[in-house]
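For reference, the structure discussed in these notes is given below.
Residue numbers (this note's numbering), protein chains in the order written: chain A, 1 to 203; chain B, 204 to 406.
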C-alpha cells in the first residue's frame, strides 16, 4: 500500500482509526475528500478543531455540551426529581429523539467492565450519588444497555442507590421484542425476558 | 436531531458528507473523536489540510502525487510504451497492488456519463491523445470498469486511438468469473461474457 503519496497515506491512516472504518472505506473517503471541490477537507478540519475546543462535559449530567450546565439540565420545562441513567451521549440522544422522557439525565460515560479495567471509579457514579444527596430525586430509571456489562452496571447501581436512599423508586427500561420485530427471529434470552416480564393488558 | 450542541451537530453533518457514511455512522464517529484521548481530532484535521496543500495531479498521468512527475511516471524500471488507462486513482491503486502490470498509467479522472453531464471534455482524454503523439506508445490496456459507462468509455477510446494511430495495440482487461467465485451465484451477463471470451488452455 505504498502507491499513494505520503500525505494521502497519512490521511487514509487517520480515517481508518475511526470506528467502523476499514482500509477500503478510509481510502474511498480520502480520495473523495481530495476530489471534492466544495472545500469539504477544510470544513471537516475546521469542525474537528472547533468541536474539541468548544465541547465540554456538563458538570451536572456529564453529557457533552457547549454551555455548562447543558440545555437539558437548565431547561425549566423538564421534570426535576426524575433521573434517567445512561451509558453514553449516543444513548441519551436515542432516548431523547423518542420524546418519551421529560425528566433529567445522568451520563455514566461508560459501563462497568472489569476485563477492560473499568471499575466504578472510572464512571460518573460518585457524581450520581452526590446528585442524590443534593437534588430531590424521587425516581431513577436505569437505561444502560441490555448487555452483560449494562445489566451488571444497572444492578450495581440499583443496590447502591437503594442502600443510600431506600425511598427512591428505581426502575429499569423494559426489555423485550422490539416494535416491528418477529418472534421467529428473536433470540431465546429476549423471548424469555419478554415472557417473564409480561405486563397486563387493560381491555 | 437538535439534542447535541451546535459544534457537534456541525461535525456530524460534515462526516455524513463522506461517501458511505450516514447519519448514524457520522454520529458514532463524532462521539468517538470527542472521547478520544489521543488527539485524533487534531491529527485528522492536520492530515486533511496537509493533503489538500501537498497533493496535486501528476502532469503526465493525472494521478494524485506530491511530486510532479509522480513516482510511477519517473520510475526508470517501468516499461515505456505500454499505457494502462483507468478511471480513477482507486482503480490504479487496485491494479498496482496486484503487481501484474509494470508499464505506465493514464488516469482519466472519471468515465463518460452523458446523464451526469460528463463528456470527453471533462476527462483527461485530450491529454491521453497528446501522450500518444509525444511518447512512443506501443500498447494501450483499457482498464475502465466493466459497467455501462466504463464499457462505453473503453469503446469510445478504442475507436479514437485506432483512428489516430492504427499501429497501437489496444486491449481490454479480461472480464469473467472472479477467482474464488462460484458459477451458481454469477450473473448471466458475466457468464455470457466469460463463455464468449474463453481462452484456450495449453495442456
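For each residue, glycine too, the CB sits at the ideal point set by N, CA and C.
At which residues does the alpha helix (DSSP H) containing residue 33(A) begin and terminate?
One-based indexing of the first chain puts residue 33(A) at position 33. Run containing residue 33(A): 23-35, per the alpha helix (DSSP H) assignment.
Closest to residue 166(A) by C-alpha separation, out of 181(A), 173(A), 137(A), 154(A), would be which residue?
Your numbering for residue 166(A) matches position 166 in the first chain. For residue 166(A), the nearest C-alpha among the options comes from 137(A).
Taking only three categories from DSSP, how would you classify residue 345(B)?
Along the second chain, one-based indexing puts residue 345(B) at 142. Strand at residue 345(B).
Do residue 313(B) and residue 295(B) have their C-beta atoms closer together than 8 Å?
To locate residue 313(B), count along the second chain from 1; it is residue 110. To locate residue 295(B), count along the second chain from 1; it is residue 92. No.
Where DSSP assigns a beta bridge to residue 83(A), which residues make up the other side?
The count along the first chain starts at 1 and reaches residue 83(A) at position 83. Answer by DSSP bridge pairing, in chain order: 104(A), 140(A).
Start and end of the alpha helix (DSSP H) containing residue 246(B)?
In the second chain, the residue the question calls residue 246(B) occupies position 43. Taken as a continuous stretch (DSSP letters only), the alpha helix (DSSP H) holding residue 246(B) covers 243-257.
Looking at chain B, is there any beta carbon in it that lies within less than 8 Å of the beta carbon of residue 114(A)?
As a first step, residue 114(A) must be located in the first chain, where it is residue number 114. With 8 Å as the cut-off, residue 114(A) does not count as an interface residue toward chain B.
Strictly below 8 Å CB to CB, what residues from chain A border residue 213(B)?
For the purposes of this step, residue 213(B) is taken as residue 10 along the second chain, with counting starting at 1. Correct list: 47, 50, 51.
Does the separation of the CB atoms of residue 250(B) and residue 11(A) fall below 8 Å?
If you number the second chain from 1, residue 250(B) lands on position 47. If you number the first chain from 1, residue 11(A) lands on position 11. Yes. Within cutoff.
Return yes when the Cβ of residue 168(A) is within less than 8 Å of the Cβ of residue 140(A), no when it is not.
If you number the first chain from 1, residue 140(A) lands on position 140. If you number the first chain from 1, residue 168(A) lands on position 168. Result yes, Cβ atoms of residue 140(A) and residue 168(A) sit closer than 8 Å.
Under 8 Å by beta carbon: chain A residues contacting residue 230(B):
As a position in the second chain, residue 230(B) is number 27, starting the count at 1. Simply 90, 93.
Considering only residues of the same chain and omitting the five flanking positions on each side of residue 285(B), which have a CB-CB separation below 6 Å?
For the purposes of this step, residue 285(B) is taken as residue 82 along the second chain, with counting starting at 1. Correct list, in chain order: 306, 342.
Cβ neighbour criterion (16 or more within 10 Å) applied to residue 196(A):
Taking the first chain and counting its residues from 1, one reaches residue 196(A) at position 196. Exposed is the call here.
Given a cut-off of 8 Å on the beta-carbon distance, is the pair residue 221(B) and residue 288(B) in contact?
Residue 221(B) sits at position 18 when you count from the first residue of the second chain. Residue 288(B) sits at position 85 when you count from the first residue of the second chain. No. Outside cutoff.
Going by Cα to Cα distance, which pick from 106(A), 37(A), 101(A), 35(A) is closest to residue 78(A)?
Taking the first residue of the first chain as position 1, residue 78(A) is located at position 78. Checked all of 106(A), 37(A), 101(A), 35(A); the closest Cα to residue 78(A) is 101(A).
In three-state terms, what does DSSP make of residue 65(A)?
Within the first chain, numbered from 1, the residue matching residue 65(A) stands at position 65. Correct three-state label for residue 65(A): strand.
Whose Cβ in chain A lies nearer than 7 Å to the Cβ of residue 269(B)?
Position 66 of the second chain, counting from 1, holds the residue named residue 269(B). Correct list: 5, 6, 7.
Could you check if residue 29(A) is buried or exposed, using at least 16 other CB atoms within 10 Å of its CB as the buried criterion?
Start at 1 with the first residue of the first chain, and residue 29(A) comes out as number 29. With 16 or more Cβ atoms within 10 Å of its Cβ, residue 29(A) is classed as buried.
Going by DSSP in three states, residue 131(A) sits in which element: helix, strand or coil?
Counting from one through the first chain, the residue named residue 131(A) turns up at place 131. Correct three-state label for residue 131(A): helix.
Please confirm whether residue 217(B) has its beta-carbon closer than 8 Å to some beta-carbon of chain A.
Residue 217(B) sits at position 14 when you count from the first residue of the second chain. For residue 217(B), the answer is yes, since a Cβ of chain A falls inside 8 Å of its Cβ.
Would you say residue 42(A) faces chain B, with C-beta separation under 8 Å as the test?
Along the first chain, read from residue 1 onward, the residue named residue 42(A) stands at position 42. So yes, residue 42(A) belongs to the interface.
Given that residue 223(B) touches chain A, what residues does it touch there, using C-beta distances under 8 Å?
On the second chain, residue 223(B) is found 20 positions in, with the first residue counted as 1. Simply 25, 28, 29.
Please list, in chain order, all residues of the same chain as residue 185(A) whose beta carbon is under 7 Å from its beta carbon, the five residues on each side excluded.
Against the first chain, residue 185(A) aligns to sequence position 185. The answer is none, since no qualifying residue turns up.
Partner residues on chain A for residue 237(B), Cβ-Cβ distance less than 7 Å
For the purposes of this step, residue 237(B) is identified with residue 34 of the second chain, where counting begins at 1. Under the 7 Å cutoff, chain A gives 51, 55, 64.
Whole angstroms is fine: what's the gap from residue 1(A)'s alpha carbon to residue 67(A)'s?
Stepping through the first chain from its first residue, residue 1(A) is reached at position 1. Stepping through the first chain from its first residue, residue 67(A) is reached at position 67. Residue placement at residue 1(A) is poorly supported in this model, since its pLDDT is 46, which falls under 50; the coordinates still yield a value, given next. Approximately 44 Å, taken between the alpha carbons.
Mind listing the chain E neighbours of residue 96(A)? Cutoff is C-beta to C-beta under 9 Å, in chain order.
Absent from the structure is chain E; the protein chains it does hold are A and B.
Does the Cβ of residue 337(B) have 16 or more other Cβ atoms within 10 Å, making it buried, or fewer, making it exposed?
In the second chain, residue 337(B) corresponds to position 134, counting from 1. It is exposed - the Cβ of residue 337(B) has fewer than 16 other Cβ atoms within 10 Å.
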